[in-house]
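Taking it in order: structure first as structure tokens, then the write-up.
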Amino acid sequence: MRRFQALAVALIALLIGVLPGCSEPAPGIVLWHPYRGAEQKALETIAKRFADEKHVEVTVLAVPNEAYAAKLEAAIPRGNGPDVFVSPHERLGSYLSNALVSPAGDAFPDEDVARYEPVTVEAVTDRSVRYAVPLASKCLALYIDTRKLPKAPSTLEELEAAKGKLGPGVFPLAYEAQSAYFHAPLLHAFGGRLFDGTTFAMVGPKAEAAAEKARALTTSGVIPEEPSGDLVKQLFLSGKAAAVISGPWLAGELAGVPYEVVPLPRIGSEGPMRPYLTVDGAFLTPQGSSRTEARALARYLGDDASARERADTGKQIVASRSYWTSERHGEGRALLEAFHAASADAIPMPTSLAMRATWVPAEQALRKVLRGMLPPRRPSRRRKPATSTSCGLPRRLPRLRLSSRCSDWRSWRAPHTR
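Residue numbers (this note's numbering): 127 to 544.
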């Protein structure tokens, strides 16, 4: 009897293994992203289309931006995270340090490189290895109130010359001057750098000249003192600022204001004000990189058809070059084209972990200079403190031991991550 039962069990198992349609379906793909609103809608539409075309299940999970990095760090090493996730490229250094990503491989093959804007490819590349499929970019540009400035200024000096000619209490320009992220275009115009690839670099004559310029803009009343992001917005909405520096996130809050967006102006003979660029990319986790379907999804998210969906519906400044050469003129196209033009001369945000250690000392020094607590120029050698350098910054930054928790450096959140 026992032999008969064992034989029956074996036969049943054999039949289950060979009968068509009885084996377990292939596991689905998990996609994480931090998007909301129109961006989320566009991404979910693309994921559904991929699932229908490839006959594979795709689970899309929106994770709040504030908790995004922490959840990735906690879930991926345990095998509970996504196969593909969307993220700003600037966190690549942290992702590599914590083994959260793998090379894009055939999700971004050599033949696809020419499809994307070169600066976006540069952003997702580390040591000649591509780690993500570039999707969209964000950077700062100049919003101008066309009632105050019918002609877009090509130089910062043109805005300075408008002081006192725009009406009572109207500032020619407003931006978050005490933010290192917003100060960076000024710094780059003078040839300075916040980070040199290894350590803090906002020192020396070029950094001093940029700080001196920022101070002069404040003391002369060209820009308001200590403006916050909310104050900048309110000044523009109320007609008390003729121009403001901000990113694409501001456009949705300017109903009723006639405005135009143009690239940031030049500073005289110094050079153009080049903002930092952040590129959203589709990254593959170690688990996802081993799956053909996951790599196919990452590549699909960046293709030309998906780029049109993300631009037309999600209002993204997409990385796909074909979108910008097409003759399509969807709603809001002019705004997208303006930020696309601004991104052409932008500098990709460095991805090094060490970059995250530069923001706090840069902003502390910048605040002191703007408040008149420190001179922009370095003191003379006789009076120079042994522990200081230009703008009152420490000669050396303290060495930081960056764990997986502190490497995300959540104490500072740049506007470009909104």
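The beta carbon of each residue, even a glycine, is placed where N, CA and C say it ideally should be.
*Exposed unless 16 or more other CB atoms sit within 10 angstroms - verdict on arginine 436*: Taking the first residue of the sequence shown as 1, we reach residue 436 at position 310. Classification of arginine 436: buried, given that the 10 Å Cβ count is 16 or more.
*How many angstroms separate the CA atom of threonine 325 from the CA atom of glutamine 413?*
Indexing the sequence shown from 1 puts residue 325 at position 199. Indexing the sequence shown from 1 puts residue 413 at position 287. Cα to Cα, threonine 325 sits roughly 33 angstroms from glutamine 413.
*Can you give me the Cβ contacts of glycine 458 inside the same chain, cut-off strictly under 7 angstroms, excluding the 5 residues immediately before and after it?*
Against the sequence shown, residue 458 aligns to sequence position 332. Correct list, in chain order: Lys441.
_Nearest-angstrom Cβ-Cβ length linking valine 387 and alanine 464, presumed shorter than 8 angstroms_ = Indexing the sequence shown from 1 puts residue 387 at position 261. Indexing the sequence shown from 1 puts residue 464 at position 338. So it is a contact: roughly 4 angstroms between Cβ atoms.
_By DSSP's criteria, leucine 268 is part of a beta bridge. Which residues make up the other side?_
Translated into positions along the sequence shown, residue 268 becomes position 142. The bridge partners DSSP lists for leucine 268 are Ile371, Val388.
*asked:* Taking the beta carbon of lysine 510 as the centre, do at least 16 other beta carbons fall within 10 Å, making it buried, or is it exposed?
replied: Here residue 510 refers to the residue found at position 384 of the sequence shown. Below a pLDDT of 50, predicted positions are generally treated as unreliable, and lysine 510, at 38, falls in that range; the measurement from the model is reported next regardless. Answer is exposed; the Cβ neighbour count stays below 16.
*asked:* I believe glycine 397 touches glycine 317 by the beta-carbon criterion, under 8 angstroms. Please report the beta-carbon distance rounded to the nearest angstrom.
replied: Reading the sequence shown from its first residue, position 271 is the one you call residue 397. Reading the sequence shown from its first residue, position 191 is the one you call residue 317. Rounded, the Cβ-Cβ distance is 7 angstroms, consistent with contact.
*Given a threshold of 16 other Cβ atoms within 10 Å of its Cβ, counted over all protein chains shown, does glycine 295 qualify as buried or as exposed?*
As a working note, residue 295 is residue 169 in the sequence shown. Glycine 295 is exposed by the Cβ-count criterion.
*asked:* Quick check on lysine 264: buried or exposed, where buried means 16 or more other Cβ atoms within 10 Å of its Cβ?
replied: In the sequence shown, the residue the question calls residue 264 occupies position 138. Lysine 264 comes out buried.
_Simplified DSSP state of glycine 219, which is helix, strand or coil_ = In the sequence shown, the residue the question calls residue 219 occupies position 93. Glycine 219 carries a helical assignment under DSSP once its states are collapsed to helix, strand and coil.
*Can you list, in chain order, the residues of its chain whose CB lies under 6 angstroms from that of valine 156, leaving out five sequence neighbours each side?*
By 1-based counting over the sequence shown, the position of residue 156 is 30. Closer than 6 angstroms at the Cβ level, and outside the excluded window around valine 156, lie Thr185, Pro208, Asp209.
*asked:* By the three-class DSSP mapping on this structure, what secondary structure does alanine 336 have?
replied: Here residue 336 refers to the residue found at position 210 of the sequence shown. It is helical.
*At what residue ranges does the region 142–205 contain a whole run of the beta strand (DSSP E), taking only runs of 3 or more?*
Counting only runs of 3 or more residues that sit fully inside the region 142–205, the beta strand (DSSP E) segments are 155–159, 184–188, in chain order.
*Name the residue from Lys174, Arg497, Lys180, Ala424 whose alpha carbon lies nearest to the alpha carbon of leucine 343.*
For the purposes of this step, residue 343 is taken as residue 217 along the sequence shown, with counting starting at 1. Here the closest residue by C-alpha is Arg497.
*Mapping DSSP to helix, strand and coil, what is alanine 315?*
Counted from its first residue, the sequence shown places residue 315 at position 189. Alanine 315 sits in a helix when the DSSP states are folded into three classes.
*asked:* Could you check whether the region 397–412 touches the region 224–242, counting it as contact only if at least three pairs of C-beta atoms, one from each stretch, sit closer than 8 angstroms?
replied: Touching, yes, given that three or more Cβ pairs across the two stretches are closer than 8 angstroms.
*Compare the Cα-Cα distances from arginine 447 to each of Leu461, Ala460, Thr439, Asp429 and report the closest residue.*
For this step, residue 447 is matched to residue 321 along the sequence shown. Sorting Leu461, Ala460, Thr439, Asp429 by C-alpha distance to the C-alpha of arginine 447 places Asp429 at the top.
*Bridge partners of valine 444, per DSSP?*
Mapped onto the sequence shown, residue 444 falls at position 318. Answer by DSSP bridge pairing, in chain order: Ala262.
*What do you reckon, are the CB atoms on tyrosine 242 and alanine 467 nearer than 7 angstroms?*
Locating residue 242 in the sequence shown gives position 116, where the first residue counts as 1. Locating residue 467 in the sequence shown gives position 341, where the first residue counts as 1. With contacts defined as CB atoms closer than 7 angstroms, tyrosine 242 and alanine 467 fail to qualify as a contacting pair.
_Chain-order list of residues whose beta-carbon lies under 7 angstroms from that of glutamate 216 (same chain, five-residue window excluded)_ = For the purposes of this step, residue 216 is taken as the residue at position 90 of the sequence shown. Excluding positions up to five away in sequence, the list reads Thr404, Met475, Thr477.
*asked:* Suppose only complete runs of 4+ residues qualify. What are the alpha helix (DSSP H) ranges in the region 404–447, listed by chain order?
replied: Correct list: 412–415, 418–428, 430–438.
*Quick one: using the 10 Å Cβ neighbour count with 16 as the cut-off for buried, is threonine 451 buried or exposed?*
Reading the sequence shown from its first residue, position 325 is the one you call residue 451. Under a 10 Å Cβ-count criterion, threonine 451 is classified as exposed, with fewer than 16 other Cβ atoms of the shown protein chains found around its own Cβ.
*When the Cα of glutamine 166 is compared with those of Glu179, Val212, Glu192, which residue comes out closest?*
Position 40 of the sequence shown, counted from the start, is the residue given in the question as residue 166. Considering only alpha carbons, the answer is Val212.
_Separation of lysine 277 from proline 384, as counted between CA atoms_ = Walking along the sequence shown from the start, residue 384 turns up at place 258. Walking along the sequence shown from the start, residue 277 turns up at place 151. Rounded to the nearest angstrom, the two C-alpha atoms are 13 angstroms apart.
_Secondary structure, beta strand (DSSP E): runs of 3+ residues fully inside the region 268–307_ = Correct list: empty.
*Secondary structure of aspartate 356, DSSP reduced to three states*: Position 230 of the sequence shown holds residue 356. In the structure shown, aspartate 356 sits in a helix (DSSP, three-state: H, G or I).
*Thinking alanine 377 and leucine 492 are a contact (beta carbons under 8 angstroms), I'd like their distance in whole angstroms, please.*
Position 251 of the sequence shown, counted from the first residue, corresponds to residue 377. Position 366 of the sequence shown, counted from the first residue, corresponds to residue 492. Contact check for alanine 377 and leucine 492: beta-carbon distance about 27 angstroms, past the 8 angstroms limit, so the pair fails to qualify.
*Whole-angstrom Cβ separation of isoleucine 473 and arginine 400, contact assumed at under 8 angstroms?*
The residue you call residue 473 lines up with position 347 of the sequence shown. The residue you call residue 400 lines up with position 274 of the sequence shown. Indeed they touch by this definition, with Cβ atoms about 5 angstroms apart.
_Contact check, proline 260 vs threonine 246, beta carbons under 7 angstroms_ = Start at 1 with the first residue of the sequence shown, and residue 260 comes out as number 134. Start at 1 with the first residue of the sequence shown, and residue 246 comes out as number 120. Here proline 260 is near threonine 246, since their CB atoms are less than 7 angstroms apart.
*Is proline 391 near proline 298, with beta carbons less than 7 angstroms apart?*
Here residue 391 corresponds to residue number 265 of the sequence shown, with the count starting at 1. Here residue 298 corresponds to residue number 172 of the sequence shown, with the count starting at 1. Contact check for proline 391 against proline 298 fails: the beta carbons are separated by 7 angstroms or more.
*Which residues mark the beginning and the end of the beta strand (DSSP E) in which phenylalanine 211 is found?*
Taking the first residue of the sequence shown as 1, we reach residue 211 at position 85. 210–214 is the span of the beta strand (DSSP E), which, as asked, contains phenylalanine 211.
*Is proline 353 buried or exposed, if buried means 16 or more other CB atoms sit within 10 Å of its CB?*
Locating residue 353 in the sequence shown gives position 227, counting from the first residue. With 16 or more other Cβ atoms within 10 Å, it is buried.
*Using DSSP with H/G/I as helix, E/B as strand and the rest coil, what is glycine 231?*
As a working note, residue 231 is residue 105 in the sequence shown. If DSSP states are grouped into helix, strand and coil, glycine 231 belongs with the helices.
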